[in-house]
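See below for the structure under consideration.
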Amino acid sequence: MADKVDHVEEALDRNSKAKLWEKLELGLVPDEEIKVIMRSVVEKRHQWINKLSCQQQQAQILKLVHSLRQTDVVTESTYNPDHYEIAFSFMKIMHGKALKMSWSYFEDESVTLDDAEIAMLDLYCERAQISDGHKVLDLGCGYGAVALHIARKYPHCHVTAITDIASQKQFIEEQCREHNLANVEIILADITTYEMNKEFDRVMVISVLEHLKNYELFLRKTSKWMKADGFLFIEHWCHRSLAYEFKASSNSHIIHIKPLVDDDRLEDWIFPDMTVVIPSFHLLLYFQDDVSIINHWIIDGNHFSRSHEEWLKNIDANIDAAKAAIVSSNNSEEEAMKWFNHWRTSLFHGIEQGKYNNGEAWMVAHLLFKKK
Ligand SMILES: C[S@@+](CC[C@H](N)C(=O)[O-])C[C@H]1O[C@@H](n2cnc3c(N)ncnc32)[C@H](O)[C@@H]1O
Numbered sequence: 001m002a003d004k005v006d007h008v009e010e011a012l013d014r015n016s017k018a019k020l021w022e023k024l025e026l027g028l029v030p031d032e033e034i035k036v037i038m039r040s041v042v043e044k045r046h047q048w049i050n051k052l053s054c055q056q057q058q059a060q061i062l063k064l065v066h067s068l069r070q071t072d073v074v075t076e077s078t079y080n081p082d083h084y085e086i087a088f089s090f091m092k093i094m095h096g097k098a099l100k101m102s103w104s105y106f107e108d109e110s111v112t113l114d115d116a117e118i119a120m121l122d123l124y125c126e127r128a129q130i131s132d133g134h135k136v137l138d139l140g141c142g143y144g145a146v147a148l149h150i151a152r153k154y155p156h157c158h159v160t161a162i163t164d165i166a167s168q169k170q171f172i173e174e175q176c177r178e179h180n181l182a183n184v185e186i187i188l189a190d191i192t193t194y195e196m197n198k199e200f201d202r203v204m205v206i207s208v209l210e211h212l213k214n215y216e217l218f219l220r221k222t223s224k225w226m227k228a229d230g231f232l233f234i235e236h237w238c239h240r241s242l243a244y245e246f247k248a249s250s251n252s253h254i255i256h257i258k259p260l261v262d263d264d265r266l267e268d269w270i271f272p273d274m275t276v277v278i279p280s281f282h283l284l285l286y287f288q289d290d291v292s293i294i295n296h297w298i299i300d301g302n303h304f305s306r307s308h309e310e311w312l313k314n315i316d317a318n319i320d321a322a323k324a325a326i327v328s329s330n331n332s333e334e335e336a337m338k339w340f341n342h343w344r345t346s347l348f349h350g351i352e353q354g355k356y357n358n359g360e361a362w363m364v365a366h367l368l369f370k371k372k
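The numbering used here applies: residue 1 is where the sequence shown begins, and numbers increase by one.
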């Protein structure tokens, strides 16, 4: 292993970073090597974080809190809806039956992706204390994994789900017709600008925070949709101690290569068009202007890693259909294949990042807030 890492280091030292990236996009790097490269990327990031003392980390977090409060709820650089206009046939191959676009919960080694999706959906319901008859709002609902699960599990609940992607709305509506679910309403809108005079018992925000910047404004807007005794449940990816900004590549919203304040030598890999915030597990606690925390949990990064591993396995087990799905939704076969290889690479990255330090470095946070 050490030899391989050295080999990667050498390769990078020889100014071949751009070439390596090109080879990755062309699918010319063997999987074993991709794993080692991604592990090295994650290791470097870990070292960069650990170089900072507690005092420095805390100062950086407070600086970030201050700067996030000065910006818009969402900026062009944090969210591009085009990233979610991915061929549905591809998403169906990659995800489990629930089409959950966020991570799943693997109780043990033997659990399948389909069961792990349900386990996580059940965990959301339990932690958000949903009961039959509640009015539930699901913000950034993707293909409706959360909304449809709640609608089926609690027939007397009424679920309003919001997405900004027309094909996602269409899919959820088809599912409701097919399964006779009359208790779901889908709204096509941008959650950061949409206005409605309605209040809900529960508001669910699952894996959407990554696209937002000004959490103060977002939580204020969300709190207006909560009943006086309503709860807000949030899930987000995070680091155990540090909150930081990242530049992500232009081809995928998933791969995060380089912290903004880093001198790591992989910087040539960056296509600098998107900046995302990786919160620390406690970052949202600095934004309790309109909501207050009542419970807070951590799910170790191994579940995130395993979710990516299962998505990769699904793609590889159906590789021809997966490639065809991407090619059919792209004008150029060459570009489609680059995208496809980039996507696979980013899944390797997710696997390595999630399991780094046995899932104790990066992880998933669940938070339950009440209205102030
Ligand atoms: C990672 S997916 C999670 C989807 C879903 N919550 C799930 O767990 O399967 C993020 C979703 O948030 C949606 N989203 C992000 N920003 C949004 C915005 N400003 N308005 C509406 N939807 C948004 C995207 O369209 C995408 O469906």
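We put the beta carbon where it would ideally sit given N, CA and C, even for glycine.
Output needed for residue i: all residues of its chain with C-beta closer than 6 Å, excluding positions within five of it in sequence on either side, in chain order.
{"i": "Gly350", "result": "His308"}
{"i": "Trp373", "result": "This structure does not reach residue 373, given that the chain is present from 1 up to 372, and the question cannot be answered."}
{"i": "Gln55", "result": "none"}
{"i": "Gly359", "result": "Asp300, Gly301, Asn302"}
{"i": "Leu121", "result": "His149"}
{"i": "Ile206", "result": "Ser102, Val146, Glu235"}
Roughly how many angstroms lie between the CA atoms of residue i and residue j, to the nearest whole one?
{"i": "Thr112", "j": "Phe106", "result": "8 Å"}
{"i": "His156", "j": "Leu139", "result": "20 Å"}
{"i": "Ile162", "j": "His95", "result": "20 Å"}
{"i": "Asp268", "j": "Asn295", "result": "Reliability of the predicted coordinates at Asp268 is poor, the pLDDT of 35 falling under 50, and no value is obtained from them."}
{"i": "Trp362", "j": "Arg344", "result": "20 Å"}
{"i": "Gln60", "j": "Ser328", "result": "45 Å"}
{"i": "Arg127", "j": "Phe233", "result": "8 Å"}
{"i": "Val136", "j": "Trp21", "result": "44 Å"}
{"i": "Leu28", "j": "Phe340", "result": "13 Å"}
{"i": "Ser73", "j": "Glu216", "result": "The sequence given here places Val at residue 73; Ser does not occur at that position. Distance between the alpha carbons of Val73 and Glu216: 8 Å."}
{"i": "Gly354", "j": "Val203", "result": "27 Å"}
{"i": "Asn314", "j": "Leu24", "result": "20 Å"}
{"i": "Gln170", "j": "Glu117", "result": "22 Å"}
{"i": "Phe200", "j": "Leu52", "result": "42 Å"}
{"i": "Phe218", "j": "Leu312", "result": "33 Å"}
{"i": "Val364", "j": "Ala228", "result": "28 Å"}
{"i": "Ser305", "j": "Cys238", "result": "13 Å"}
{"i": "Asn318", "j": "His66", "result": "46 Å"}
{"i": "Val36", "j": "Phe246", "result": "21 Å"}
{"i": "Thr160", "j": "Ala243", "result": "31 Å"}
{"i": "Ile93", "j": "Glu310", "result": "11 Å"}
{"i": "Tyr124", "j": "Ser110", "result": "22 Å"}
{"i": "Asp186", "j": "Met196", "result": "Checking the sequence, you will find Ile at residue 186 rather than Asp. For Ile186 and Met196, the distance between alpha carbons rounds to 13 Å."}
Are there any heavy atoms of ligand 1 lying less than 6 Å away from the beta-carbon of residue i, as far as the coordinates show?
{"i": "Ser207", "result": "yes"}
{"i": "Thr163", "result": "yes"}
{"i": "Ser102", "result": "yes"}
{"i": "His296", "result": "no"}
{"i": "Ile93", "result": "no"}
{"i": "Ala145", "result": "yes"}
{"i": "Ile315", "result": "no"}
{"i": "Ser142", "result": "In the sequence on display, residue 142 carries Gly and not Ser. At least one heavy atom of ligand 1 is nearer than 6 Å to the Cβ of Gly142, so yes."}
{"i": "Ile49", "result": "no"}
{"i": "Asp320", "result": "no"}
{"i": "His349", "result": "no"}
{"i": "His134", "result": "no"}
{"i": "Leu149", "result": "The residue you asked about is not Leu; residue 149 is His in the sequence shown. Checking the Cβ of His149 against ligand 1 gives no."}
{"i": "Asp72", "result": "no"}
{"i": "Val192", "result": "Per the sequence shown, the amino acid found at residue 192 is Thr instead of Val. For ligand 1, at least one heavy atom lies less than 6 Å from the Cβ of Thr192."}
Using C-beta distances below 7 Å, list every residue in its chain close to residue i, excluding the 5 sequence neighbours before and after it, in chain order.
{"i": "Cys176", "result": "Val184"}
{"i": "Arg39", "result": "Glu352"}
{"i": "Ser241", "result": "Gln57, Ser280"}
{"i": "Val208", "result": "Leu139, Gly140"}
{"i": "Ile293", "result": "Leu285, Leu367, Phe369"}
{"i": "Lys198", "result": "Trp225"}
{"i": "Gly133", "result": "His156, Cys157"}
{"i": "Asn214", "result": "Leu68, Arg69, Thr71, Asp72, Val73"}
Name the residue from the options whose alpha carbon lies nearest to the alpha carbon of residue i.
{"i": "Lys338", "options": "Tyr124, Ile319, Glu178, Leu26", "result": "Leu26"}
{"i": "Ile151", "options": "Phe171, Gln168, Ser167, Ile130", "result": "The sequence shown places Ala at residue 151, rather than the Ile named in the question. Nearest option by C-alpha distance: Ile130."}
{"i": "Asp290", "options": "Asn331, Asn314, Phe231", "result": "Phe231"}
{"i": "Leu212", "options": "Leu68, Phe88, Cys54, Phe348", "result": "Leu68"}
{"i": "Asp31", "options": "Phe171, Leu347, His179", "result": "Leu347"}
{"i": "Ala336", "options": "Ile86, Asn302, Val73", "result": "Ile86"}
{"i": "Leu64", "options": "Leu283, Ser292, Ser167", "result": "Leu283"}
{"i": "Gly142", "options": "Gly133, Ile37, Ser167", "result": "Ser167"}
{"i": "Ala321", "options": "Phe90, Thr71, Glu33, Val42", "result": "Phe90"}
{"i": "Ile49", "options": "Asp316, Asn330, Ile278, Glu33", "result": "Ile278"}
{"i": "Ile326", "options": "Ile37, Ile186, Asp108, Phe88", "result": "Phe88"}
Give me, in chain order, the residues of the same chain whose beta-carbon lies closer than 8 Å to that of residue i; leave out the 5 immediate sequence neighbours on both sides.
{"i": "Lys19", "result": "none"}
{"i": "Lys323", "result": "Ala336, Met337, Phe340"}
{"i": "Lys372", "result": "Ser223, Gln288, Asp289, Asp290, Val291, Ser292"}
{"i": "His46", "result": "Tyr356, Asn357, Ala361"}
{"i": "Leu181", "result": "Leu148, Ala151, Arg152, Gln175"}
Stretch pair the segment 145-153 + the segment 96-106: three plus CB contacts closer than 8 Å
yes
Can you confirm whether the segment 208-224 touches the segment 185-197 when touching is taken to mean that 3 or more C-beta pairs between the two stretches lie within less than 8 Å?
yes
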